[in-house]
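Asks: Sharing a structure with you now.
Chains as they are written, first to last, in the working numbering: chain A, -14 to 310; chain B, 1407 to 1664.
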């Protein structure tokens, strides 16, 4: 089985999509000659030329706004926001236009745009380089929000996002970029956008996570198994569409649910997942739905981020609490 | 919009709150929907023109905005990007000297057209109330763009005679005298005089145009008043090409309640 990283998988997804779709463009800050600060777009400009893969002025609102105009002209922009919180200057364009242009034109002008950005912490980064902004985008009707947790899934989900006729905000957990995994990018069985995946089967408790938290949920599940608790782990893979069917089926079986995400807890995606579980699985629930998430604080400095980002211990404690309830 | 063949009734649908953006087909008429967030349409035009450039279409994009918009980041980012990539776009600023209650002196320390120099392309100021001067300026800029000469910023100096909206009380921030001085420079009346003095048109033509105008206005008024609300189901129709299951359920539930 070949070894892959999310970094390599995303690069391959961009490369193959550029080859398949001549109307696809890749642009953003430092994505051309440099190949991107995380090298996600490495080699693409050399292979596909400066007309289709190009560096832009340092202006996120223009990056998103120009993408809107390019989509109107029949192109398929795949733009990069260099870091999670650097996407905020582009919120006006993404929320007011990328998300709404098709509705505003009654279906005549679609926005087949992908806005890619590295997200999340645990990489010892400076301020404003470790945010988890999915909640802002997930609450914007018109956008899809996709977050891979592994290299192989990152490849499949980015390919699907680029091919999707709707605009997709594609969040890449930067702490997973360089993690080596056994995996085959061409393996069949890739799930479409909007489908969650049970990545570990179990009977006593369901842990629902996405992005970088899936690995931690799996680690906690393995340790819980050592203590006699069988934990099922569900990787959401996307917040919009949200696969309620898969997660509800799991919680209906186990009767217990723990939701994990890095974003601050209040008004976070976990609240939506929790509400859906209570609506769909109320009669099956043996305990309140637990949430393990970032605190309601600005993302901490690197020396203290471990107190904020959910750890295996905090996830295990929540599982124990829920199972004991 | 009318020049692009858009039915005024479809255009005014925006103001009747029938549908966001208005009801015309923006691709068929090559005329984008109404864009509300100030200046945010400017990078759109740059992108549209970039797309045409990439297709070697030989066309350009023309984007309108007011003096107030030139204070927004999107104006500067759009102009900067257009200058860097020599994009075939014409930036047309209708400097009507008021952004609700803010005079243009409160928007800029220098004449707006001079900002083009900062972004590497020509900026021209033109009498916004002189139909032929504006036409000439846009013609020149469009030809420059189409022939690969890059962007132009046109500052058309005009004046906002009316209030910003029905909720505005302009008397709080400007004198009646100032308004009257500009009323005398009304571009339509002025062009009518010029046509008459140059013998291009006579009273008979003006009479027929006036009659045609009255008829158009009556038809538009009737059309606008007859425009009822859209069916509620349309609220869900174009949000996504492939709607999430959650939205489909909401649509079905809403239809059930209707």
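Every residue, glycine too, gets a C-beta built ideally from N, C-alpha and C.
In this text the structure is predicted, and so the values were computed from the model without any measurement.
Buried or exposed, going by whether 16 or more other CB atoms sit within 10 Å of the CB of residue 61(A)?
Replies: Result: buried.
Asks: Using DSSP bridges, identify the partner residues of residue 1509(B).
Replies: Looking at the DSSP assignment, residue 1509(B) forms a beta bridge with 1504(B).
Asks: Mind checking residue 163(A): buried by the 16 CB within 10 Å criterion, or exposed?
Replies: Burial call: exposed.
Asks: Mind listing the chain A neighbours of residue 1558(B)? Cutoff is C-beta to C-beta under 7 Å, in chain order.
Replies: Chain A residues near residue 1558(B): none, gap ~17 Å exceeds 7 Å.
Asks: Within 8 Å of any Cβ in chain B, is that where the Cβ of residue 55(A) sits?
Replies: Taking Cβ atoms only, chain B reaches closer than 8 Å to residue 55(A), which makes this a yes.
Asks: Does the CB of residue 1608(B) have a neighbour CB from chain A at under 8 Å?
Replies: Answer no: the Cβ-Cβ gap between residue 1608(B) and chain A never drops below 8 Å.
Asks: Is any beta-carbon of chain B found at less than 8 Å from that of residue 91(A)?
Replies: Chain B contact via Cβ: present.
Asks: Given residue -5(A), which residues of its chain have a CB within under 6 Å of its CB, disregarding the five upstream and five downstream residues?
Replies: Only 25, 139, 143 meet the Cβ criterion.
Asks: At which residues does the alpha helix (DSSP H) containing residue 1441(B) begin and terminate?
Replies: Looking at the DSSP string, residue 1441(B) is not in any alpha helix (DSSP H), and its letter there is neither H nor E.
Asks: List the residues of chain B that residue 133(A) touches, going by C-beta distances under 8 Å, in chain order.
Replies: By Cβ distance, chain B contributes nothing, its closest Cβ being about 18 Å from residue 133(A), past 8 Å.
Asks: On the DSSP bridge list, what partners appear for residue 1470(B)?
Replies: DSSP, once it has assigned bridges, lists 1498(B) as partnering residue 1470(B).
Asks: Is there a Cβ of chain B sitting closer than 8 Å to that of residue 46(A), yes or no?
Replies: At least one chain B Cβ lies under 8 Å of residue 46(A).
Asks: The ligand COA and residue 256(A): does the residue's C-beta get closer than 7 Å to at least one heavy atom of that ligand?
Replies: Although the ligand COA was asked about, the structure shown includes no ligands whatsoever.
Asks: When the Cα of residue 1412(B) is compared with those of 1645(B), 1502(B), 1633(B), 1438(B), which residue comes out closest?
Replies: That would be 1438(B), whose Cα lies nearest to the Cα of residue 1412(B).
Asks: Please go through the same chain and pick out, in chain order, the residues whose beta-carbon is closer than 6 Å to the beta-carbon of residue 3(A), but skip the five residues on each side of it.
Replies: If we look at residue 3(A) and ignore the five residues flanking it on each side, its Cβ neighbours are 9, 33.
Asks: So is residue 1416(B) in contact with chain A if we call contact Cβ pairs under 8 Å?
Replies: Not closer than 8 Å to any Cβ of chain A, the Cβ of residue 1416(B) fails to qualify, so no.
Asks: Which residue wins for smallest C-alpha separation from residue 64(A), given the options 115(A), 158(A), -1(A)?
Replies: Residue 64(A) has its Cα closest to that of -1(A), out of 115(A), 158(A), -1(A).
Asks: Taking all protein chains shown into account, do 16 or more other C-beta atoms lie within 10 angstroms of the C-beta of residue -13(A), making it buried, or fewer, making it exposed?
Replies: With fewer than 16 Cβ atoms within 10 Å of its Cβ, residue -13(A) is classed as exposed.
Asks: What in chain C is Cβ-close to residue 1454(B), meaning under 7 Å?
Replies: Here the protein chains are A and B, and chain C is not one of them.
Asks: Would you say residue 295(A) and residue 245(A) are within 8 Å of each other, going by their C-beta atoms?
Replies: Yes, they are a contact pair.
Asks: Relative to the C-alpha of residue 179(A), which residue among 1519(B), 1650(B), 1483(B), 1428(B) is closest?
Replies: Per the Cα distances, 1650(B).
Asks: Kindly list the residues whose CB is nearer than 7 Å to the CB of residue 1552(B), restricted to its own chain and excluding five residues on each side of it in sequence; keep chain order.
Replies: For residue 1552(B), where only same-chain residues beyond five positions count, the Cβ hits under 7 Å are 1464, 1465, 1466, 1494.
Asks: Under 8 Å, with one C-beta from each stretch per pair, do the region 82 to 89 of chain A and the region 123 to 134 of chain A reach the 3-pair mark?
Replies: A contact exists between the region 82 to 89 of chain A and the region 123 to 134 of chain A.
Asks: From which residue to which residue does the beta strand (DSSP E) around residue 1558(B) run?
Replies: From DSSP, the beta strand (DSSP E) with residue 1558(B) extends over 1558 to 1563.
Asks: Measure from the alpha carbon of residue 197(A) to the alpha carbon of each residue in -8(A), 132(A), 35(A), then state which is nearest.
Replies: With distances taken between Cα atoms, residue 197(A) lies closest to 132(A).
Asks: Which residue or residues does DSSP assign as beta-bridge partners of residue 61(A)?
Replies: 9(A).
Asks: Using a Cβ-Cβ cutoff of 7 Å, what residues of the region 66 to 93 of chain A are near chain B? List them in chain order.
Replies: Listed by position along the chain: 77, 78, 81, 82, 87, 88, 89, 90, 91, 92, 93.
Asks: Assign residue 154(A) to one of three DSSP states: helix, strand, or coil.
Replies: Strand, per DSSP.
Asks: Please list the terminal residues of the continuous alpha helix (DSSP H) segment that includes residue 1521(B).
Replies: Taken as a continuous stretch (DSSP letters only), the alpha helix (DSSP H) holding residue 1521(B) covers 1521 to 1525.
Asks: Does the CB of residue 156(A) have a neighbour CB from chain B at under 8 Å?
Replies: No, no contact with chain B.
Asks: Can you pull out the residues from the region 1631 to 1647 of chain B whose beta carbon lies closer than 8 Å to at least one beta carbon of chain A?
Replies: Hits within the stretch, in order: 1640, 1643, 1644, 1645, 1646, 1647.
Asks: Looking at the structure shown, is residue 1429(B) part of a helix, part of a strand, or coil, going by DSSP?
Replies: Correct three-state label for residue 1429(B): coil.
Asks: Which whole-angstrom value is the C-beta distance of residue 1547(B) and residue 1558(B), which I expect to be below 8 Å?
Replies: Correct: roughly 4 Å between the Cβ atoms.
Asks: Quick check: what's the CA-CA separation for residue 234(A) versus residue 93(A)?
Replies: Residue 234(A) and residue 93(A): Cα-Cα distance of roughly 38 Å.
Asks: Can you find at least 3 beta carbon pairs, one from the region 1502 to 1512 of chain B and one from the region 1520 to 1531 of chain B, that sit closer than 8 Å?
Replies: No, they do not touch.
Asks: Under 7 Å Cβ to Cβ from residue 186(A), same chain only, skipping five residues before and after it: list those, please.
Replies: Closer than 7 Å at the Cβ level, and outside the excluded window around residue 186(A), lie 217.
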